[in-house]
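Residue numbers 4 to 86, in our numbering, belong to the letters of the sequence shown in order.
Built from N, CA and C at the ideal position, the CB exists for glycine as well.
Presented below is the structure to which this report refers.
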Amino acid sequence: MSDHDHESKGELSGSASNPARRNLLVGSGALLVGGLSGRATAPQAATHDAVPQAAPPLPWPWARIDPMEAGTRTYQAYLTQNG
Numbered sequence: 004m005s006d007h008d009h010e011s012k013g014e015l016s017g018s019a020s021n022p023a024r025r026n027l028l029v030g031s032g033a034l035l036v037g038g039l040s041g042r043a044t045a046p047q048a049a050t051h052d053a054v055p056q057a058a059p060p061l062p063w064p065w066a067r068i069d070p071m072e073a074g075t076r077t078y079q080a081y082l083t084q085n086g
């Protein structure tokens, strides 16, 4: 089979027929285009309020918890319920 027969069947000799290299080049091009489009739209996305807004009020009353009392209750519950 001659080189001309390979070319007619779509098979090329050398690095041009390497699918891994072709996929790498296509993927690199897609990454480059995506990066450029992201960079181009970044100034529009960054125009937001720099000051955070206050959180809405809680739907229940806030209760202070004594850490020692909570620990004592937890320990006692653990002992009475056998772990």
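In whole angstroms, what separates the C-alpha of residue i from that of residue j?
| i | j | result |
| --- | --- | --- |
| Y81 | D69 | 18 Å |
| T77 | A58 | 31 Å |
| P60 | P22 | 59 Å |
| G30 | V54 | 39 Å |
| A73 | A66 | 13 Å |
Can you list, in chain order, the residues of its chain whose CB lies under 8 Å from that of residue i, leaving out five sequence neighbours each side?
| i | result |
| --- | --- |
| W63 | none |
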